[in-house]
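Colleague: Structure incoming, see below.
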Amino acid sequence: MLIAIIADTHMPKGGRELPPQCVERLRAAELILHAGDISTAGVLAELKALGPPVLAVHGNVDEPALVESLPPQLEVELDGTHLAMTHDAGPAKGRLARLRQRFPRADAVIFGHSHTPLLDALEDFQIFNPGSPTERRRQPQHTMGLARVVRERVAFEHVALD
């Protein structure tokens, strides 16, 4: 299963839009995960119109309609792999252990908020932040993530969009 992962799109603020390379990868995926800070229900509807199913959590800047309709965290099992997703994973110090404790059944936790691409692991447990396709902040590039789930294993990668 191919999963496209984005976070922190903050759209349509400032006329932002997803880069064409991002949209292409979203359409090609079997599932889209959004780790929060979508901003508006209209943007979520646009993501859903791309084709693949969309699972999302709300972030700290999402409008009230999204906060009401999306969970703050979710857990899903895909091909024997248990994935969890939340927006804000807290401070960097101790994050891996903290998320391991918060989501004891998860093989991996996906999060956003910092706009900083990250992949970290401890034994068979991984945490992944795709960065942002629209607001890179202090990062050198806009990014998104891809995950491939095959036979109870998940492999993440970052995709630079510029």
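Each residue of the sequence shown is one higher than the last, beginning at 122 in our numbering. Glycine is no exception: its CB is placed at the ideal position from the N, C-alpha and C atoms.
To the nearest angstrom, how far is the alpha carbon of R259 from that of D283?
Modeller: Residue 259 sits at position 138 when you count from the first residue of the sequence shown. Residue 283 sits at position 162 when you count from the first residue of the sequence shown. Taking the straight line joining both Cα atoms gives about 14 Å.
Colleague: By Cβ distance, which residues of its chain are closer than 8 Å to T264, with the 5 residues on each side in sequence left out?
Modeller: Position 143 of the sequence shown holds residue 264. The residues are P238, P251, G252, S253, P254, R257, H279, V280, A281, L282.
Colleague: Cα separation between G266 and L199?
Modeller: Stepping through the sequence shown from its first residue, residue 266 is reached at position 145. Stepping through the sequence shown from its first residue, residue 199 is reached at position 78. When rounded, the distance between both Cα atoms is 17 Å.
Colleague: Could you spell out where the beta strand (DSSP E) holding E167 opens and where it closes?
Modeller: Counting from one through the sequence shown, the residue named residue 167 turns up at place 46. Counting along the chain, E167 falls outside any beta strand (DSSP E), though it belongs to the alpha helix (DSSP H) covering 162–169.
Colleague: Decide if M206 is buried, meaning its Cβ has at least 16 other Cβ atoms within 10 Å, or exposed.
Modeller: Against the sequence shown, residue 206 aligns to sequence position 85. Its Cβ being crowded by 16 or more others within 10 Å, M206 is buried.
Colleague: Suppose contacts are defined by Cβ-Cβ distances below 8 Å. Is V178 in contact with G157 by that definition?
Modeller: Walking along the sequence shown from the start, residue 178 turns up at place 57. Walking along the sequence shown from the start, residue 157 turns up at place 36. Cβ atoms of V178 and G157: closer than 8 Å.
Colleague: Could you check what DSSP says for E138 in three-state terms: helix, strand or coil?
Modeller: Counting from 1 along the sequence shown, the entry for residue 138 is found at position 17. The answer is coil: DSSP assigns E138 none of H, G, I, E or B.
Colleague: What whole-angstrom Cβ distance do V270 and I153 have, given they're in contact under 8 Å?
Modeller: The residue given as residue 270 occupies position 149 in the sequence shown. The residue given as residue 153 occupies position 32 in the sequence shown. With 8 Å as the limit, V270 and I153 do not qualify as a contact, their Cβ atoms being about 14 Å apart.
Colleague: What whole-angstrom Cβ distance do F246 and F277 have, given they're in contact under 8 Å?
Modeller: The residue labelled residue 246 in the question sits at position 125 within the sequence shown. The residue labelled residue 277 in the question sits at position 156 within the sequence shown. Their Cβ separation, rounded to whole angstroms, is 12 Å, which puts F246 and F277 out of contact at 8 Å.
Colleague: Taking L187 as part of the alpha helix (DSSP H), name the residues at either end of that continuous run.
Modeller: Taking the first residue of the sequence shown as position 1, residue 187 is located at position 66. Unbroken alpha helix (DSSP H) run through L187: 185–190.
Colleague: Within the same chain, show all residues whose beta-carbon is closer than 8 Å to that of G171, passing over the 5 residues directly before and after it, in chain order.
Modeller: Within the sequence shown, the letter at position 50 stands for residue 171. Note that residue 171 corresponds to Leu in the displayed sequence, not to Gly. Counting only Cβ-Cβ distances below 8 Å, and skipping sequence neighbours, we find V144, L147, R148, I153.
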